[in-house]
Amino acid sequence: MKRIGVFVCHCGTNIAATVDVEKVAESARHLPHVVFATTYKFMCADPGQKLIADAIREHALNRVVVAACSPHMHERTFRKAVERAGVNPYLMEVANVREQCSWVHRDKPVGTEKAAALVAAAVAKVARNVPLESGKLPVERRALVVGGGIAGIQAALDIAESGYHVTIVEREQSVGGRMAQLDKTFPTLDCSSCILTPKMVDVGHHPMIEICSYSEIESVEGYVGNFEVTIRRKATSVDPDVCTGCGECWNRCPVKKLPSSFNMDLGHRPAIYVDFPQAIPNVPVIDRANCTYYLRDGKCRVCEKVCPTKAIDFTLEDRLVKERFGAIVMATGFQTASLQQYPEWGLGTYPDVVTGLHFERLVSSTGPTEGKIKRPSDGKEPKSVVFVLCAGSRDEARGRSYCSKACCMYSAKQAILLREKIPQAQAHVFYMDIRTAGKDYEEFYMRAKEEYGVNYIRGRVAKVYPEKDHLVVRGEDTLLGRPVAVEADMVVLAAAIEPRADAAALAQKVGISYNRDHFFSEAHPKLRPVESNTGGVFLAGCCQGPKDIPETVAQASAAAAKVVQMFSKDALVSEAQLASVNEAWCIGCFLCQPVCPYKAIQPKEIEERRGRDKIKRTVSSVNTGLCQGCGACAVACPSGAMRLNGFTDEQILAEVDAVCL
Amino acid sequence: MSEAIKTAAPVEGEPMPAELKTAEIPTRRGPAPGDPEFLGALRDCCRSLLAEGHVQRIIAYRETPDSLRPEVAFFASPEETGDLVWDLFCNTNICKYLLDYRTFEGRIGVVVKGCDARGVVQLINDMQIPRDKVEIIGICCPGQIDPAKVESAAGEAWVSRVVAGPDSVEIVTEEGTEMRVPLESVLTDRCLSCRKPNPPVADVVFGEDQKGRISDEVFEQIAELERMSSAERDAFWNRHFERCIRCFACRNVCPACSCTKCVFDQQEPDWLAGERNQANQHFFQITRAVHVSGRCTGCEECDRVCPVGIPLRLMNKKLWKDVKDLFDSPLPGTKLGVRSPLVMWDPKDADSFE
Amino acid sequence: MGRSEAAARPEAAVSDAGPAAGLYLPSPATIQEVRLETGAADVRTFKVTLDGQEIGKDFIYRPGQCAMVSVFGVGEVMLSLSSSPTWTTHLEFSVKNAGKVTSTMHGLAPGARLGVRGPLGNWFPYESLQGKDLLFVGGGIGLAPLRSLINYVIDNRDRYGKVEIIYGARSPQDLCFKSEIFETWPKAPDTEVFVTVDRGDADWKGKEGFVPAYLEELAPSPVGKVAVICGPPIMIKFVLQGLEKLGYSDEQVITTLEMRMKCGVGKCGRCNIGHKYVCVDGPVFNLAQLRALKGEFV
Amino acid sequence: MAEKLVTSEGLFTMVEKLLGRAQVTAPREENGIAVFGPVNSAGQVELDGPLPVIPEKSVVFPQSETLLRMDLGGEVPKVEAVEPEGEQVILGVRPCGLQAFARLDRVFLEGAFVDPQYRRRRDHTLIIALTCPTVKRSCFCRAFGYGPSDGSGADLQLTRLPGGSFHLETLTERGGEFVAEMEKEGIAGLTDAGAEAGSAARAEKARVERLAERSAAAVSTEGVVEGLDGMYDDPYWAQLAERCISCGICTYLCPTCHCFDICEKARGPEAERYRCWDTCLFSNYTLMAGGANPRPTVRERLRNRLYHKLNFFNHRYGEFLCVGCGRCVEHCPTNIDIRKVMAKAAARSRAQGVSVNG
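Taken in order, these protein sequences are the chains called A, B, C and D.
If you read the first sequence in our numbering, its first letter stands for residue -3, the second for the next number, and so on.
If you read the second sequence in our numbering, its first letter stands for residue 219, the second for the next number, and so on.
If you read the third sequence in our numbering, its first letter stands for residue 3, the second for the next number, and so on.
If you read the fourth sequence in our numbering, its first letter stands for residue 18, the second for the next number, and so on.
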């Protein structure tokens, strides 16, 4: 006999202010199978959970409905609570009377009525619930870090230091990422390379870390604890085991004038190259698209001839390597927006209009100008530089609605660097708001203004155009309420931070979700900020949203901690709410198979009575070790044979009926 | 819970139980219907398939005393093929019978028109029967005659037989009178707007490719429906659905309906209650149409069998039009190995939620 | 041909409690007690009283008869009365949790309201059985209709001969009416109860094996005896074979059938076996009658 | 009995008058299909069309109807039987429909259990029959001993005369009352039928009876019951079932099929128990709660239907449950023809006769 208890939470006044909780409990008492209903101020608190456990014992409850906040919040809490009291955790349902009721209503009678209906639905469902049991999943204790920037490096080091093997997959020749391109870092003005390089070396030498540079993710299969990842190791044409990184080849390569993407195309590199002198691994790659050997049928071969260790091997091919990992950290970083939608700023048209990253290279001692700030058009030292903030950010109409977060600070830093390197140069900053939330950030900004005399103009830039040998930046000073025109030798646009161009495609390969700007989505914005929606995939750095270095490093360490936490368990507890097949209904069309992201569906031969005959036929079966309970199969199944336990048609219809009838 | 934890080791995914062949099948050609040698050749073909053991059963039609209504027949031996028939009254779409042969040990031959053949292909694509188990004996169909139209043309006299020519038919009555009517006037409604009278896949084909009759009537009706306000459309369908007696003939003949336990037969939950009311009538009709959309081959057999004249083809065609516009996929049943776009997922799919 | 079956069945005409005003209107009833019969929790016995009706006076039934029981708002099911007409305080229905109505019933507690339409159908020929020895063979919940007659016979012990009861279930957990099969009936005069289970458990000290095998082993003589059987189809099939081997004639074997029923009064059509309707012409048939019918049964 | 002559105009006016006081069911045309259905204006009535696809039975046995109404809100459930209300007129009933009513009467009204819903509807339905204007090839009424002009069972009978007027015959007292009432209303075009109209009607009836004669040779009931008695386990049923798609066309269009389901619907504290048409060709029909099904395949289900029509009903009630209307013949998607089943049974009976006698 079903005996349902209903527990209505006040959530302080969160619920109780808009919902008459006593009334809801009273209405619940009249629902079928409900033998007990009560309210409490904070059901999730210890006394609240104790109240549930006591009621289960006292009233012999075998099913429980908790009317409280979103199940996202406390479903697990209450499941554990009822389980401790001897009730199967899946015989507990949460009626969301906070997010879906009290928070969206003002009128108490309306809120109360709706809460009562939601409780009735949960009661109807829980009456049809059946006990479910979790299984155990093995864990492959190896982590994959996608992206070798500071986020990936930090995550890899933290995981490896905990004793687990890590593979870093980096698209470029070297790890280091965006941070390697930076000159100084705010607010301390440490040299970026000086603090990054040791970490790169650590990663390069760590016995538990393998770096797959010049590599990309080809495909990801499997599921939490048991991913099977195919990595494309692009052909480098250099045998890494033999190469000593002596540099003979890149120094002697006759093709010299290829744009260096590391230097934001402001400098050059040869066809065989390392990204920068401190590259890890210090093994060059041949850019086959521009190498004479490949363009002219085996001509040239200079590098091969000069290589003292015979490391050059033109015949190398891309290799697909399949490896198993238990967890994945996504740390694919960002790029800056191309700003094509803003022709009025002239990025790409006027050589002296550059982005902040270009400026970093121009100001960096390892950059194309060896740290001397020269404008790209004629190499002259700029005497006036305009920095434009929110270039493409916070612009719902044309760009991205979000704030790119780091620009206020790095532009202040760049203005300071300009003033330090060229004291007579003027620095103007066009801004919308200055956002300096962070330790010592506001002070840094004030120093820029007060100590370095950076000229901050509140307003947007309407147009940048050339005049004689300089640029004119027109805009509006909204504080003074008048148009301004500033002559500049260079314009530095703080271009919006956006995910890598292929972020969405990669997310689809890995099976994680992303938002409309293609930033990877976290499982919960507050409570699970470093986990993706997919079990075993974690997020670090700008691929999840714009952030600065300290935040990135913090998130990377957090993601690493999550990975380590996962690896520290003997086995993972698998989902209990899994798909199952009603074999009598299954027609064996296998439409469920291609939609299953976990490859959990397999054919199975069954024997069946058909009239007086016994027949054999093939139906779908779910491998409970692989199924993650996503429900895609249940949706695709045309015959209704596939169902998701815990969300069966009967249960959902009962909920609908309880609300509608 | 700890004691209840079960250990389940993951198992490698196995391949699909049967690979779908997508290669075009080489076909042989036989004489066309209307050719004096046609029936003999068809019978010979079926006889030898059975005699040589290529097939163990042939699903086709058999002559009956009522020449307007040949019956579906299942031929198990070469001797039986003597009364196998194929004429312009073979209206019944026989592809659905293949479902009864899902567990049959041998191979099955089916004598199919263009519309029937699409059903066969759809069943293969839905993995209800493997391609190599079916011998598709295709006929390029010149169009089928509606016996009711013939009978109504004959008036009170009883029709004895009908002799079909390329453009007209001669109706001979029991009393011996003869009358000639244009072929178009007695063709079934579906044949009048048939664009694909030829089997898209076959092992042997009789006749040369037919052009089909391109009447745009259905599409004009769809356009008209689309122009209606939702209230008008509701009234339109309500008028038709109201007549539905829920005999489920539309479902039972449909080559896209292959569920072992139909949602309408489920008792817990009882999605479709027996009570006759507007909600239930709509629920049945709309659920059926949506369920087969993306797999409906446009054979219009449902429309043919509906005893109360509900214009099912209108609904099916409208849904097909929408699916085609959204996913640009081929008409179901015209290509081997194509699965319904509505149940497949592709990152390139239209994403109207953005 | 041409003979109306209703007229040919005199007992139907004297059906004591033919539904009065509304053919489909149930009489109000109240659950007095719910008893869990099987450990597997799928059979419960409901003690039911009829509101404002006296059993034996306003509601007269005979062993083997059925009634349509309503759970209002859910539906109606045909259930055999598992109580004996000699008990006048209440009716009993022993219900297996199988469908929507029965599963709802299983969730009901004493005090809950039901509807009862009946009694319906024919009954075991308890009058013509007088003086004869009786062999009851039951399997699982199939003991429920037999129980009505067994208790009737025990309550009228002097009118009947020797009683042998062979009863089996899948497991000890699945045995119904435990207090009766282990205590009440074995203590009744000249009554023997043989219980077997397909598979025992650690505590089971009794017989293990299938009912037909036990029947063969016990080999009750057919002389002066009538066998009354009810159980799952597969058991019935082999019990019938066994009885035939033992020399029972078709007239000596009586069974009670189960079919899906809706109206209970011979209108809705679905419970026919040949031209007989189980609801009005049955559920009790002797084997000779059944063999004469076209149907999916024998 | 009285004979009247009524013009089409007069009939039109009569129907208009009727609409005010009763629910009128008559043949209508919808999307090219003739159906029996409720009409709300006399203009919808179409008496010249073919035999309507949907039979007359829904007037006395609707596709769904409420049996009980329940209020479950209180401590004690309130349950009441629902009686159908109002008066009904069914116009244009064909002789096969009349025969079907007679069969349904036996099921619902005979014996210890009288169906209250049916009884009420039957008692409050005035039946105006129509002599069949034509006879289709699928018609085989003659096999069952009546013809297309047989009005027995009706209160009144209309016969369309060559000129377009109708001959109106009063067959029962109730029919007489109706005519008297109409005359009192002063229907223009309703007059006593003269000798000429009478003989025209007889000629028309004779004409359609002659048309029906054509089927007599082909279909006969002789030996059908006996033949079927001996062929329950014949492989024929499996052969027939191979073709049957197990739809409900033949049963739902059958004027005598009367099997029903009883269902419950609940909406909050209000609930209803209703019955609705069911068909023995659907697998759910005999599916038991535990999953067992005594008629698991089409073979058993189709056989049950045909036996019910041609054998079981005879053993129970002494007559066929088929009236030869031909709807199942005409509308079966796979051309299963009950006449062929009859012929097969008759042949079996003859063969048995030979073997017994010879």
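Glycine included, each C-beta is placed from N, C-alpha and C at the ideal position.
It should be emphasised that the depicted structure is a prediction, and the values quoted were computed from it without experimental measurement.
- Rounded to whole angstroms, the separation of the alpha carbons of D135(C) and A215(C) is 21 Å.
- Within chain A, no C-beta atom comes nearer than 9 Å to that of R318(D); the closest sits roughly 11 Å away.
- For F515(A), there is no enclosing alpha helix (DSSP H), as DSSP marks it with neither H nor E.
- A residue is called buried when at least 16 other Cβ atoms come within 10 angstroms of its Cβ; M446(B) does not meet this threshold and is exposed.
- Inclusion of I363(B) and T310(B) in the CB contact set at 8 Å is not warranted, their separation being larger than that value.
- Among the residues of chain C, none has a CB under 9 Å from the CB of H55(A); the nearest is roughly 13 Å distant.
- Scanning its chain for C-beta atoms nearer than 7 Å, with the 5 sequence neighbours on each side dropped, one finds around A119(D) the residues G170, in chain order.
- In this structure, the straight-line span from the alpha carbon of F32(A) to that of T47(C) is close to 26 Å.
- Residues I33 and V36 of the same chain have their beta carbon placed closer than 8 Å to that of A111(C), with the five preceding and five following residues left out of the count.
- Between S380(A) and D485(A), the C-beta spacing is below 8 Å.
- With its beta carbon less than 8 Å from one in chain A, G109(C) belongs to the interface.
- DSSP places C149(D) in the coil class of the three-state scheme, outside both helix and strand.
- Fewer than three pairs of CB atoms, one per stretch, sit closer than 8 Å, so the segment 168 to 186 of chain D makes no contact with the segment 239 to 248 of chain D.
- Of the candidates E39(C), E56(C), V79(C) and V197(C), V197(C) places its Cα closest to the Cα of G140(C).
- Only those residues of the segment 270 to 293 of chain D whose C-beta falls short of 7 Å from the nearest C-beta of chain A are listed: R284 and G285.
- Annotation: Cβ neighbours of R557(B) in chain A (cutoff 7 Å, chain order): L587.
- Of the candidates C149(D), E221(D), D172(D) and I145(D), the residue whose Cα lies closest to the Cα of P179(D) is E221(D).
- In the DSSP annotation of this structure, the continuous segment of the beta strand (DSSP E) that includes D278(D) starts and ends at F277 to R284.
- In the structure shown, P634(A) falls within a coil segment according to DSSP collapsed to helix, strand and coil.
- Assigned with DSSP and collapsed to three states, W294(D) falls in strand.
- Taking the CA atoms as reference points, T187(D) sits about 15 Å from P112(D).
- If you compare the alpha carbons of T258(C), R272(C) and E260(C) with that of C274(D), the shortest gap goes to R272(C).
- Apart from sequence neighbours up to five positions away, the residues of its chain that approach W125(C) with a beta-carbon distance below 7 Å are R64, P65, G66, Q67 and V286, ordered along the chain.
- Between E206(A) and I227(A), the C-beta spacing is not below 8 Å.
- G341(D) and I266(D) have their C-alpha atoms some 16 Å from each other.
- Between A116(A) and A654(A), the beta carbon gap of about 4 Å places them in contact (Cβ cut-off 8 Å).
- Taking a C-beta cut-off of 7 Å against chain A, the contacting residues of the segment 452 to 484 of chain B are S476, C477, T478, K479 and V481, listed in chain order.
- For A423(A), no alpha helix (DSSP H) run applies; the uninterrupted beta strand (DSSP E) run containing it begins and ends at Q422 to Y427, by DSSP.
- Taking D44(C) as reference, the option from L151(C), D53(C), G142(C) and E94(C) with the minimal CA-CA separation is G142(C).
- Minimum Cα-Cα distance from M638(A) among the listed residues C592(A), R605(A) and P28(A) corresponds to C592(A).
- Annotation for E194(C): E166 place their beta carbon closer than 6 Å to its own, counting only its chain and skipping 5 residues before and after.
- Each residue's CA atom was taken as its position, placing F256(B) and N498(B) some 48 Å apart.
- When only Cα atoms are considered, N529(A) and G507(A) end up about 9 Å apart.
- With respect to chain C, the C-beta atom of G240(D) has no partner C-beta closer than 8 Å.
- Residue state for I231(C) is assigned as strand, using DSSP reduced to three classes.
- For P214(C), the enclosing alpha helix (DSSP H) covers residues V213 to L220.
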